[in-house]
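First residue of the sequence shown: 1, per the UniProt record's numbering; consecutive thereafter. In this text, a Cβ means the ideal position worked out from N, Cα and C, and glycines have one as well.
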Amino acid sequence: MQMIRSALRTLHITSVLNSSSPVACCTSRCVHTRAHTPPTVGSAKPTTTATQIQPDNPAGQFFRQRSAKFLITAVKQGHYQHLSHPEVAFAGRSNVGKSSLINSVLCSQSLVKTSKKPGHTSALNFFSLSSRARAGEINIVDMPGYGFRSRREWGGFITEYLSGRKVLRRVFMLVEAKVGELKSTDVSFLELVEEYRVPIQLVITKADKLKSADAAQISNAVIKEATRIAPSVLLPQAICCSSRTRMGIDTLQAEVLSVCGLLPPK
Ligand SMILES: Nc1nc2c(ncn2[C@@H]2O[C@H](COP(=O)(O)OP(=O)(O)OP(=O)(O)O)[C@@H](O)[C@H]2O)c(=O)[nH]1
Ligand SMILES: [Mg+2]
């Protein structure tokens with residue numbers, strides 16, 4: 001693990017030296033200087049099934065009224081640097097449910113490919129959401145899972161992405177409810193976003209596998225631990241979600257819109 005950290009640090013130094021304004025970038029992304037809607041811990045019991053969508057949820061409506069599409073697969077900066085809309089990314093260990101969660105947020109059944117086999121997503125996959133009136137309002141990035149492929153291989157282009165992406169408004173970091181704790185790869189990822197001042201919010205996934213009280217308890221414990229590692233960039237509340245039951249998806253959709261400056265009018 002020490003070797004991995006030192007490889008990532010070397011990459012960080014290189015990318016900071018290559019960056020035109022690293023300080024401005026850090027400041028503009030500092031979580032404490034950013035306005036955001038206070039996130040809610042989505043600890044309520046599941047009230048809908050995967051095919052039921054709450055009709056009165058304005059954030060959900062916003063997503064349903066727009067079409068989501070796949071944009072590009074990227075393994076280096078040159079592939080995505082022309083994309084300039086506000087962006088959020090989903091990160092987490094392999095198989096934690098990133099791709100499934102993005103499908104749920106985008107109200108899509110299968111736009112983002114999911115798999116039972118860990119390590120399915122191996123590059124940065126960019127998706128966009130647009131209406132007929134306005135093209136490309138938000139970009140959503142599905143990140144490769146960490147903890148499956150070698151960190152050295154994973155670290156290079158992910159570090160480049162996290163360190164230099166000025167339109168990146170927030171990373172949603174997923175932790176599986178049943179796992180219930182941060183693994184060493186989660187800790188390394190938190191150290192990385194703390195170093196690059198990337199705002200981050202925890203999402204407890206597959207919460208359908210636990211009783212809601214247990215999910216809320218796990219969420220609090222994980223936040224406490226994560227806050228110790230990334231105190232300046234971690235939002236103080238997590239969102240408990242399930243792609244199976246759609247629990248917490250409306251809260252997550254509202255967060256995505258809020259942080260991208262696109263909350264629909266009340
Ligand atoms: N019970 C339950 N299973 C889920 C949920 N979300 C995803 N899964 C399952 O978990 C497995 C992995 O889901 P993915 O969305 O492909 O996970 P990923 O994090 O994108 O995986 P990688 O791309 O390999 O890193 C699939 O078999 C999904 O059906 C959920 O909310 N509840
Ligand atoms: Mg995936």
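Indicate, with yes or no, if ligand 1 has a heavy atom lying under 7 Å from the CB of Arg246. Not under cutoff, so the answer is no.
Note the first and the last residue of the continuous alpha helix (DSSP H) segment covering Val141. Counting along the chain, Val141 falls outside any alpha helix (DSSP H), though it belongs to the beta strand (DSSP E) covering Ile138 to Asp142.
Is residue 282 helix, strand or coil by DSSP? This structure cannot speak to residue 282, because the chain is shown only from 1 to 266.
Helix, strand or coil: which one does DSSP assign to His36? Note that His36 scores a pLDDT of 33, beneath 50, so its modelled location is shaky; the value from the coordinates is reported in the next line. Of the three classes helix, strand and coil, the one that applies to His36 here is coil, per DSSP.
Measuring alpha carbon to alpha carbon, tell me which residue in Val105, Ala230 and Gly261 is nearest Met247. Taking Met247 as reference, the option from Val105, Ala230 and Gly261 with the minimal CA-CA separation is Val105.
In angstroms with no decimal places, state the Cα-to-Cα distance between Leu235 and Gln201. Each residue's alpha carbon lies about 5 Å from the other.
Report yes if the C-beta distance between Asp142 and Val171 is below 8 Å; otherwise report no. 8 Å or more divides the Cβ of Asp142 from the Cβ of Val171.
Could you tell me which whole alpha helix (DSSP H) segments of length 4 or greater appear in the segment 157-182? Taking only runs of at least 4 residues, no alpha helix (DSSP H) segment lies wholly in the segment 157-182.
By the three-class DSSP mapping on this structure, what secondary structure does Asn220 have? Here Asn220 sits in helix by DSSP.
Compute the minimum distance between the beta carbon of Lys116 and the heavy atoms of ligand 2, and state whether it is under 7 Å. Not so, every heavy atom of ligand 2 lies at least 7 Å from the Cβ.
Closest residue to Ser163 among Leu182, Pro199 and Leu262 (Cα-Cα distance): With distances taken between Cα atoms, Ser163 lies closest to Pro199.
Could you work out which residue in Ser84, Lys98 and His79 is closest to Phe90 when comparing CA atoms only? Checked all of Ser84, Lys98 and His79; the closest Cα to Phe90 is Lys98.
Have a look at Ser128, Leu129 and Glu176 and flag the residue whose alpha-carbon is nearest the alpha-carbon of Ser94. For Ser94, the nearest C-alpha among the options comes from Glu176.
By DSSP, does Leu101 sit in helix, in strand, or in coil? DSSP places Leu101 in the helix class (H, G or I) of the three-state scheme.
Determine the DSSP secondary structure at Val198, reduced to helix, strand or coil. In this structure, Val198 counts as coil in the three-state DSSP scheme.
Considering only C-alpha positions, which residue in the set Ile204, Asn125 and Thr227 is nearest to Ile72? Measuring C-alpha to C-alpha distances from Ile72 to each of Ile204, Asn125 and Thr227 identifies Asn125 as the nearest.
Hey, Pro231 and Val167 are a contact pair by Cβ (cut 8 Å); roughly how many whole angstroms apart? Val167 and Pro231 do not touch by the CB rule: their CB atoms are close to 24 Å apart, not below 8 Å.
Going by DSSP, what residues sit across from Lys211 in a beta bridge? Answer by DSSP bridge pairing: none, since Lys211 is not bridged.
Bridge partner(s) assigned by DSSP for Ile249: Answer is none; Ile249 lacks a bridge partner.
For Met173, is the classification buried or exposed, using 16 other Cβ atoms within 10 angstroms of its Cβ as the cut-off for buried? So Met173 ends up on the buried side.
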